[in-house]
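Have a look at the structure below before the remarks.
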Amino acid sequence: MAMRDIAKPFAFWLTPEQTSHEKLSQFVNSLAARYQSPPFEPHLTLYFGTYLIPNTPLDIAQALSLKTGPISVQVERLKQTDFIFKSLFLQFAPHLQLTNMVETVSQRLQAPLDFQLDPHLSLMYADLSEHQKQAIIDDLTLDFNTIIFDSLKFVTPNPVSQDWGDIAGWQIEGEWKLTGGAMD
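Read in order, the letters of the sequence shown are residues 230 to 413 in the numbering used here.
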């Protein structure tokens, strides 16, 4: 296999504006400490897939950030699942701008995956029972009706293992402020 044929995993994240980012980071870090789960940066996974070396999606990210302004997304509710990356999370309402951004990424990638956007922001990655997670939900008070996302990040897993399960090894390869247009 030629070097240029190697597919590398990546994700595009949207991250909240500073005030929400700070509050959400406190929630994530508090839950991580309490339940011995890994801390991570609060984010909405806009896209998850692979790219072919030597190309990178950096130009896609830059173009998206230049044509997209900050995005206000409505929080629907706090939820939990058995999937480790959605152990406990804020579920967002569908948002046309997010869907359009995913379509743009898919169209511009040479080898897009069939990524299905499910807009959410995880608060914890932990292998807890449904009862434990529901108890956390019952005790949590979040004062978010909407969250404004104003940055786009290009993220890759640990460069050695290429494993998304190695949360501490996630690498931020680039960051762009959403500067285009008015807030959606």
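In this text, a Cβ means the ideal position worked out from N, Cα and C, and glycines have one as well.
Remember, predicted model here, so these are calculated numbers, not experimental data.
- Its chain contains Ile396 as the residues whose beta carbon lies nearer than 6 Å to that of Phe269, once the 5 sequence neighbours on both sides are disregarded; these appear in chain order.
- Taking C-alpha positions only, Pro238 is separated from Phe344 by approximately 13 Å.
- In this structure, DSSP gives Gly409 a state outside helix and strand, which the three-state scheme calls coil.
- Contact check for Leu352 against Phe318 passes: the beta carbons are separated by less than 9 Å.
- Gln309 is classed as buried because its beta carbon has at least 16 other beta carbons within 10 Å across all chains shown.
- Separation of Ala364 and Arg306 (C-alpha to C-alpha, rounded to the nearest whole angstrom) is 15 Å.
- Take the alpha-carbon of Ala355 and the one of Ser316: they are about 6 Å apart.
- Contact check between the segment 290-304 and the segment 378-387: three or more CB pairs, one atom from each, fall below 8 Å, which counts as touching.
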